[in-house]
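Residue numbers (our numbering), protein chains in the order written: chain A, 94 to 443; chain B, 296 to 684; chain C, 129 to 262.
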């Protein structure tokens with residue numbers, strides 16, 4: 094039995110801030126910082142948006158594209174994020190209620206830094222393949238935090254995407270998924286702390302690059318493929334620079350990663366990053382397209398996927414929901430003052 | 296049914312009465328009304344009080360008992376009842392009191408209205424006001440009462456029945472009269488530009504389109520018409536009390552540029568009084584937001600749709616200027632809007648007009664006067680008509 | 129708002145625009161009603177759940193400057209009465225919109241947003257708002 098993607102939906106908040114505006118406040122060369130990170134602007138969630146609302150929007154777009162799927166046939170729903178609004182009380186139950194998948198399903202929130210969304214896809218795949226459930230929903234979404242003035246502030250953004258995993262009428266078959274996981278503390282956030290800390294350059298070679306290249310090489314070896322066999326490749330994108338470099342290290346071309354590389358226009362959506370990149374690729378995918386995906390979550394691990402787009406995509410009602418390109422095409426730019434207000438960084442009287 | 300007379304009226308000054316408590320203003324208004332009726336107070340056999348939200352403004356429920364106690368009427372153990380109908384609390388309380396006398400159950404009834412608002416902060420006051428709309432589906436969704444009236448105004452402008460300037464001129468009219476009323480909160484005329492340029496509250500409405508936050512109380516004494524002369528020569532007849540209802544939420548109506556409750560209540564009132572709208576020469580209408588004045592004049596039948604705004608803007612709604620004088624007290628906008636007191640204060644103003652005691656704002660030869668009191672966005676409306684004797 | 133139960137029992141309406149339809153006369157109601165005001169007794173027991181269309185157009189609107197405490201972070205913010213594609217008038221906030229671009233007739237769609245939260249430790253209230261149609 095084949096397992097794969099039956100539908101997908103993406104969502105990115107409408108607000109944007111530019112790195113030069115952030116740099117203006119902190120006396121830094123924001124423009125240069127943006128250039129170095131390959132980030133022209135980042136998305137900012139509105140004051141009334143969070144991972145619950147972003148996940149819901151993505152999941153509703155996902156469901157809009159499969160009007161024939163009964164939401165009550167969804168047997169599992171997972172939301173992966175490192176910015177769940179509650180420490181205790183699931184995001185996933187709200188999303189399940191909002192797409193009317195309740196009550197006969199299992200639901201849980203996941204966290205694995207930036208790769209909890211792809212971890213959710215893997216769990217759903219296993220449950221579908223085993224026959225436990227007919228459909229599973231995996232959402233990756235974040236309203237990521239970057240400490241004021243920290244390098245992360247130039248990239249940490251918001252967005253997410255949702256995937257309906259099943260075995261019937263799949264638009265993209267997931268041929269294989271493999272993961273590479275070690276205990277590597279390159280980035281973390283303790284309970285109750287508003288902002289994460291990170292190991293600076295330690296987040297590079299021993300963390301991001303080692304895990305992505307290891308998972309990717311495992312996958313290529315297992316599938317007996319070479320980078321040239323894939324139409325598109327999507328790598329975790331904390332900025333524009335890292336995925337471009339890791340693609341080169343593995344032998345993928347800039348053209349292969351172009352469609353799925355959204356960081357330059359929306360920033361690092363953390364758990365939403367690879368799911369959004371994959372959504373952007375599926376927006377234009379044709380039958381037979383082969384997609385290589387490798388996520389990365391600090392702490393650390395990478396999930397790799399080998400995906401083939403099926404003929405079913407021709408009948409798929411992609412037009413029932415906006416493409417990623419359409420969602421991000423008409424932003425509202427805000428200044429740092431409004432940004433601090435939206436992000437609740439201003440201390441208000443009780 | 297017995298015919299009913301108003302034999303005494305009284306009101307406190309309206310305004311930010313920092314040194315006055317709820318019970319103190321309530322008693323002042325009642326005492327003045329009893330004095331005006333030449334009574335001792337012992338004749339009163341039933342008490343009504345219109346009050347919207349003492350529970351939230353001063354954390355006091357059961358204010359019927361409080362007023363009965365502090366007015367000394369509890370010593371006679373008379374019935375005391377608090378009436379709540381949002382902004383129409385005072386008007387509806389008046390209707391209840393009139394019916395108590397008309398029915399023959401009670402003979403001498405005191406009906407008061409009181410609200411002490413300034414003991415609460417402004418944001419919380421607005422939250423209380425917003426709760427007169429639908430708490431779950433309007434206020435709970437982030438809509439304020441001001442924004443609901445603003446959406447009415449937007450629609451009125453869009454449909455072409457009044458311009459922004461005409462809507463703003465409702466407040467100008469009220470301030471014109473407020474300047475003539477010693478008891479008013481704002482005793483200052485304002486030009487149209489002041490309203491148009493006032494800070495936005497809920498666009499297109501600005502600060503000067505909205506009635507203020509006010510402390511105040513008013514009271515009137517009622518008795519059977521054929522017994523009025525035993526107490527005083529200076530009384531008026533209550534020709535009609537009527538009340539109408541509508542949906543709680545504004546969005547539940549197909550047309551938001553008319554208040555069906557006003558139309559229904561006024562039709563009933565004119566029929567009870569045996570008159571038509573054209574017989575009214577002075578009216579107090581519920582201008583908690585300027586646009587409500589446009590709707591009121593049309594729904595009460597004083598002007599056709601599209602004509603009320605022109606009347607306000609041209610100034611013909613001012614005392615002595617046209618066929619009907621509107622809000623000679625200053626209305627809610629300039630006299631002030633102590634919510635539960637306003638409906639009773641309107642009755643007091645009409646009574647003074649019909650008794651010829653309205654001084655500088657006197658409408659010459661006024662025979663019939665009307666008072667309209669509105670709760671929420673027209674979800675409850677009372678219309679009362681008084682006649683000079 | 130502070131009652132968890134009070135918010136919870138309205139989730140179907142607040143999340144998914146679930147109202148009711150009278151099985152007798154076909155009238156659609158939002159928020160839900162247990163009783164058809166038109167059919168009264170004839171409609172008793174015939175009210176059915178009905179999901180109101182999420183898309184519609186602005187029927188009237190305002191921009192609120194004098195904001196309630198729950199929206200102090202949003203002021204000024206827009207509100208609207210929206211006429212949905214199935215003809216229901218619904219009041220709600222208008223989010224993610226350039227305030228000077230709103231007009232009567234503007235196409236909008238309902239999304240889920242945070243409406244309020246009971247302080248930093250209390251529950252977060254979610255419900256519909258409208259945004260410009262993409």
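In this text, a Cβ means the ideal position worked out from N, Cα and C, and glycines have one as well.
- Collapsing the DSSP output to three states places residue 143/C in a helix.
- Residue contact with chain C for residue 590/B: absent (no Cβ-Cβ distance below 8 Å to any residue of chain C).
- In the DSSP assignment, residue 301/B is bridged to 517/B and 531/B.
- DSSP, reduced to helix, strand and coil, places residue 268/A within a strand of the structure shown.
- Sixteen is the threshold: when 16 or more other Cβ atoms of the shown chains lie within 10 Å of the Cβ of residue 421/B, as they do, the residue is buried.
- One finds 219, 220, 221, 243 and 255 in chain C with Cβ atoms closer than 7 Å to the Cβ of residue 436/B, taken in chain order.
- Of the residues 366/A, 300/A, 385/A and 431/A, the one whose Cα lies closest to the Cα of residue 324/A is 385/A.
- Three or more beta-carbon pairs separated by less than 8 Å link the region 260-271 of chain A to the region 384-401 of chain A, which places the two stretches in contact.
- Proximity of residue 232/C to chain B, defined by a Cβ-Cβ separation below 8 Å, is satisfied.
- Scanning chain B for C-beta atoms nearer than 8 Å to the C-beta of residue 138/C yields 431, reported in chain order.
- If you draw a straight line from the Cα of residue 202/C to the Cα of residue 140/A, it is about 7 Å long.
- For residue 648/B, the uninterrupted alpha helix (DSSP H) segment begins and ends at 634-649.
- Here residue 407/A is exposed. Its C-beta has fewer than 16 other C-beta atoms within 10 Å.
- Going by C-alpha positions, residue 191/C is about 14 Å away from residue 259/C.
- Closest option to residue 490/B, judged by alpha-carbon separation, among 477/B, 462/B and 555/B: 462/B.
- At a cut-off of 8 Å between beta-carbon atoms, residue 196/C makes contact with chain B.
- Residues 327, 330, 353, 354 and 355 of the same chain have their beta carbon placed closer than 7 Å to that of residue 370/A, with the five preceding and five following residues left out of the count.
- Residue contact with chain C for residue 519/B: absent (no Cβ-Cβ distance below 8 Å to any residue of chain C).
- Segment contact: the region 426-443 of chain B against the region 335-342 of chain B, fewer than three CB-CB distances shorter than 8 Å; contact not assigned.
- Shown here for residue 284/A: same chain residues with a beta carbon closer than 8 Å to its own, the five before and five after excluded, namely 180 in chain order.
- DSSP places residue 347/A in the uninterrupted alpha helix (DSSP H) bounded by 347-351.
- Residues of chain C with a Cβ closer than 7 Å to the Cβ of residue 139/A are, in chain order, 223 and 224.
- Under the Cβ criterion of 8 Å, residue 331/A is not counted among the residues facing chain C.
- Put simply, the region 641-650 of chain B touches the region 529-539 of chain B. At least three CB pairs are less than 8 Å apart.
- If you look at residue 576/B, you'll find it isn't in any alpha helix (DSSP H); it sits in the beta strand (DSSP E) that goes 575-579.
- Chain-ordered, the chain C residues with CB closer than 9 Å to the CB of residue 551/B read 187, 188, 209 and 217.
- Per DSSP, residue 441/A lies in no alpha helix (DSSP H) segment and is marked neither H nor E.
- Around residue 626/B, the same chain offers 469 and 582 as residues with beta carbons nearer than 6 Å, after the five sequence neighbours per side are excluded.
- Against chain A, the CB of residue 239/C has a partner CB under 8 Å away; the residue lies at that interface.
- Taking a beta-carbon distance threshold of 8 Å, residue 283/A does not count as an interface residue toward chain C.
- Assigned with DSSP and collapsed to three states, residue 402/A falls in strand.
- Each residue's CA atom was taken as its position, placing residue 320/A and residue 158/C some 55 Å apart.
- Any Cβ of chain A closer than 8 Å to the Cβ of residue 143/C would place that residue at the interface, and such an atom is present.
- Look at residue 545/B: its C-beta is under 8 Å from a C-beta on chain C.
- Between the C-alpha atoms of residue 457/B and residue 600/B there is a straight-line separation of about 9 Å.
- Taking 7 Å as the cut-off between beta carbons, the residues of the region 434-466 of chain B near chain C are 435, 436, 437, 438, 439, 441, 442, 445, 446, 449, 450 and 453, in sequence order.
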